[in-house]
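Peer 1: Please read through the structure below; I'll follow up with questions.
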Amino acid sequence: MSKMVPVPTHSYLPERDADKVPILEARHLGIDFGGLTAVDSLDLTIGRTEIAGLIGPNGAGKTTVFNLLTKVYQPTRGTILLDAKDTAGMNTVQVNHAGIARTFQNIRLFKDLTVLENVLIGLHKSMNVNLMESVFRLPRYWKQEKEAKEKALELLSIFQMQDLAKYEAGALPYGAQRRLEIVRALGTNPKLLLLDEPAAGMNPSETASLMENIQKIRDSFHIAIMLIEHDMNLVMGICEGIAVLNYGKIIAKGTPEEIQANPAVIEAYLGKKKEG
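So the mapping is simple: our numbering equals the position in the sequence shown, first residue as 1, plus 14.
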């Protein structure tokens, strides 16, 4: 793990990313639903190859933050810069094309399609064929489809899933479906991968393997990864910078060691200790 160092934006980034433009900057981000403020004045900076964590008690607003970053929800206020580009006015598809991919707390696969077909859907934007080439199946179409299948199998091999390519996605065990969702997200060629509870439903062995693979993905693709996760062994084991959310506000930021020792974090998770 790289040492975290201060940068001019009053944030900390991994030392290897400190001289580069952050992949993500959220400034004073907030959203209201009716009269309720769900996320308030959120500031977040992620380095270009950082593995970051967003943690907090249930209902803290973590998935809402992911929905804001990916424009499932449009922010009520604040700014989101992706690779120094303001995403104001973008929709979910445009943000994905700009470089953010995500997985969901509740798995969203095309369960009646095969494993391979699910990954090919993620890869569709990399295919550069026109309507005529697609309709009439011209040679350029077949060449690009062959290349896409090869790429899909290569991505599946990250999780040793290439032999499952012809199986229906819905027939896979729960943990394998979660891994497939990550592979499909990688197919969109992201600069920032958001993982919403990737270890949910996994046994300790699967979680240990997931930790290795998240690091492998970062190192192989040179991208940033941010995860929401309740498994603290996973978070503390791979995250370099961690932000803690409670009631829609960030109450702490720091390294795993700093977060584990932070009284405000301990209180948010365990409640305030009664005196006397």
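By construction, the Cβ of each residue, glycine as well, lies at the ideal position given by its N, Cα and C atoms.
May I ask which residues mark the beginning and end of the alpha helix (DSSP H) holding Lys230?
Peer 2: Lys230 -> alpha helix (DSSP H) spans 218 to 235.
Peer 1: Do three or more CB pairs link the segment 113 to 124 to the segment 183 to 202 at distances below 8 angstroms?
Peer 2: A contact exists between the segment 113 to 124 and the segment 183 to 202.
Peer 1: Tell me, which residues are paired with Asp33 by DSSP?
Peer 2: Answer is none; Asp33 lacks a bridge partner.
Peer 1: Less than 8 angstroms between the beta carbons of Leu38 and Leu206, yes or no?
Peer 2: Yes, they are a contact pair.
Peer 1: What residue range does the alpha helix (DSSP H) around Ala183 cover?
Peer 2: Here Ala183 belongs to no alpha helix (DSSP H), and DSSP marks it neither H nor E.
Peer 1: When the Cα of Lys230 is compared with those of Val21, Leu169, Gln274, which residue comes out closest?
Peer 2: Looking at the Cα atoms, Leu169 is the closest of the given residues.
Peer 1: Consult DSSP for Val86 and reduce its assignment to one of helix, strand or coil.
Peer 2: In the structure shown, Val86 sits in coil (DSSP, three-state: anything other than H, G, I, E or B).
Peer 1: DSSP state of Ser55, grouped into three classes?
Peer 2: Strand at Ser55.
Peer 1: Using only CA atoms, which one of Phe118, Phe173, Ala238, Gly255 lies nearest to Thr221?
Peer 2: With distances taken between Cα atoms, Thr221 lies closest to Phe173.
Peer 1: Measure the C-alpha to C-alpha separation of Gly290 and Leu58 and round it to an integer number of angstroms.
Peer 2: Bear in mind that the predicted position of Gly290 carries a pLDDT of just 47, short of 50, making it unreliable; the figure below should be weighed with that in mind. Gly290 and Leu58: Cα-Cα distance of roughly 38 angstroms.
Peer 1: Which of the three DSSP states is assigned to Phe47 in this structure?
Peer 2: Phe47: strand per DSSP, three-state reduction.
Peer 1: I think Val53 touches Gly75, with their Cβ atoms under 8 angstroms apart; what is that distance to the nearest whole Å?
Peer 2: The pair is a contact, with the Cβ atoms about 5 angstroms apart (cut-off 8 angstroms).
Peer 1: Ser25: buried (16+ other C-beta within 10 angstroms of its C-beta) or exposed?
Peer 2: Flag for Ser25 reads buried.
Peer 1: Taking three-plus beta-carbon pairs below 8 angstroms as touching, is the segment 87 to 95 in contact with the segment 268 to 280?
Peer 2: Contact between the segment 87 to 95 and the segment 268 to 280 is absent, because fewer than three Cβ pairs lie under 8 angstroms.
Peer 1: Rounded to the nearest angstrom, how far is the Cβ of Ala112 from that of Thr128, given a contact under 8 angstroms?
Peer 2: The Cβ separation is near 29 angstroms, so there is no contact.
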